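Chain order of the listed sequences is L and X.
Under my numbering, the first residue of the first sequence carries the number -11, and numbering increases by one thereafter.
Under my numbering, the first residue of the second sequence carries the number -11, and numbering increases by one thereafter.
From the three backbone atoms N, C-alpha and C, an ideal C-beta is built for every residue, glycine too.
For clarity, every value in this text was computed on a predicted model and none was experimentally measured.
The structure appears right after this line, and notes come after that.
Protein chains: 2
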Amino acid sequence: MNGFAKTPEPPYYAVIFSSQRSEDVAGYGEMAEKMVALASKQTGFLGVESARDEGLGITVSYWDSLESIKKWKENSAHKVAQEKGKSTWYQNYAIRVCKVERQSFFEM
Amino acid sequence: MNGFAKTPEPPYYAVIFSSQRSEDVAGYGEMAEKMVALASKQTGFLGVESARDEGLGITVSYWDSLESIKKWKENSAHKVAQEKGKSTWYQNYAIRVCKVERQSFFEM
Chain L
-11 MNGFAKTPEP PYYAVIFSSQ RSEDVAGYGE MAEKMVALAS KQTGFLGVES
39 ARDEGLGITV SYWDSLESIK KWKENSAHKV AQEKGKSTWY QNYAIRVCKV
89 ERQSFFEM
Chain X
-11 MNGFAKTPEP PYYAVIFSSQ RSEDVAGYGE MAEKMVALAS KQTGFLGVES
39 ARDEGLGITV SYWDSLESIK KWKENSAHKV AQEKGKSTWY QNYAIRVCKV
89 ERQSFFEM
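In structure tokens, the structure reads:
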């Protein structure tokens, strides 16, 4: 879950998930890890980057197509996690689906 | 710098900046704050979301057009910060320019 996603040449797709958690985060870390592991096995998954501090968490997952994103959204285990997120873990969140048009990398 | 960006209806653009910092972070926090304040004043700026933990930092800025992103990239004070980032603060980073096609918000 740490480090950079080794994405291919654009175009491809990104899902930007920004969230503020509620006070009740029991079981959250375990579920988050499970979801990353599960997402990684989905067709069209290209990588994920994630960071969280006190204010906000941002997870960006990368996908080959809108179709792959749709399938992941509808994955049954993922749906359970989404419901638990809404009912318990998240105070609020934003999801943005984007087409990546350009990328550049810098390494020291 | 904390909280959600109140973005308008898509389409608009996002710049996903993922970074790993080096050991030498002197002056980084101050510059980061300055850059967010400066970006906020640019034409076409729609908002910014940022999170950082030990592993990775992710900052997503939102813009009305590719033209606004280009102008911000070429802003002279921002160019100074970019150079300092490359020479000192960042071990590596990735920049992805995306077109946001869809968004949804959830509030508890």
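8 Å CB neighbourhood of residue i in its chain, flanking five on each side removed
i: serine 92/L; result: none
i: glutamate 55/L; result: Gly32
i: valine 88/L; result: Thr(-5), Pro(-2), Pro(-1), Tyr0, Tyr1, Ala2, Tyr50
Cβ neighbours of residue i in the same chain (closer than 7 Å, five flanking residues each side left out)
i: phenylalanine 164/X; result: Look at the range of chain X in this structure, -11 to 96, and you will see that residue 164/X is not part of it.
i: cysteine 98/X; result: Chain X is shown only over -11 to 96; residue 98/X falls outside these bounds and no answer can be derived.
i: tryptophan 97/L; result: Since the first residue shown for chain L is -11 and the last is 96, residue 97/L is missing from the structure and cannot be characterised.
Rounded straight-line distance, which links the Cα of residue j to that of residue i
i: valine 48/X; j: proline -1/X; result: 16 Å
i: alanine 27/L; j: alanine 27/X; result: 34 Å
i: lysine 67/L; j: glutamate 71/X; result: 43 Å
i: alanine 65/X; j: alanine 25/X; result: 12 Å
i: glutamate -3/L; j: asparagine 63/X; result: 27 Å
i: isoleucine 46/X; j: glutamine 8/L; result: 15 Å
i: tyrosine 78/L; j: arginine 90/X; result: 20 Å
i: leucine 44/L; j: glutamate 21/X; result: 16 Å
i: serine 10/L; j: glutamate 42/X; result: 22 Å
i: methionine -11/L; j: glutamine 30/X; result: For methionine -11/L, the predicted structure reports a pLDDT of 39, less than 50, and the residue's modelled location is therefore unreliable. The matter cannot be settled from this model.
i: arginine 40/X; j: arginine 40/L; result: 6 Å
i: aspartate 12/L; j: glutamate 95/X; result: 16 Å
i: glycine 35/L; j: glutamate 18/X; result: 31 Å
i: serine 75/X; j: alanine 14/L; result: 41 Å
i: methionine 23/X; j: alanine 82/L; result: 23 Å
i: glycine 73/X; j: asparagine 80/X; result: 9 Å
DSSP beta-bridge partners of residue i
i: glycine 35/X; result: Tyr50/X
i: glutamate 95/L; result: Asn80/X
i: lysine 87/X; result: Lys87/L, Tyr1/X
i: glycine 45/X; result: Ser7/X, Arg40/X
Cβ of residue i within 9 Å of any chain L Cβ
i: alanine 2/X; result: yes
i: methionine 96/X; result: yes
i: alanine -7/X; result: yes
i: serine 56/X; result: no
i: alanine 27/X; result: no
i: leucine 44/X; result: yes
i: valine 13/X; result: no
i: arginine 84/X; result: yes
Any chain X beta carbon closer than 9 Å to residue i
i: lysine 74/L; result: yes
i: glutamate 62/L; result: no
i: aspartate 52/L; result: no
i: lysine 59/L; result: no
i: alanine 65/L; result: no
i: phenylalanine 93/L; result: yes
i: lysine 87/L; result: yes
Neighbourhood of residue i by C-beta, 6 Å cutoff - its chain only, sequence neighbours within 5 removed
i: arginine 84/L; result: Ile4
i: tyrosine 16/L; result: Trp77
Short CB-CB distance (under 9 Å) between residue i and chain A
i: glutamine 79/X; result: In the structure shown, chain A does not exist; the protein chains are L and X.
Within the region -1 to 43 of chain X, ranges of the alpha helix (DSSP H) (whole runs, at least 4 residues): 16 to 28
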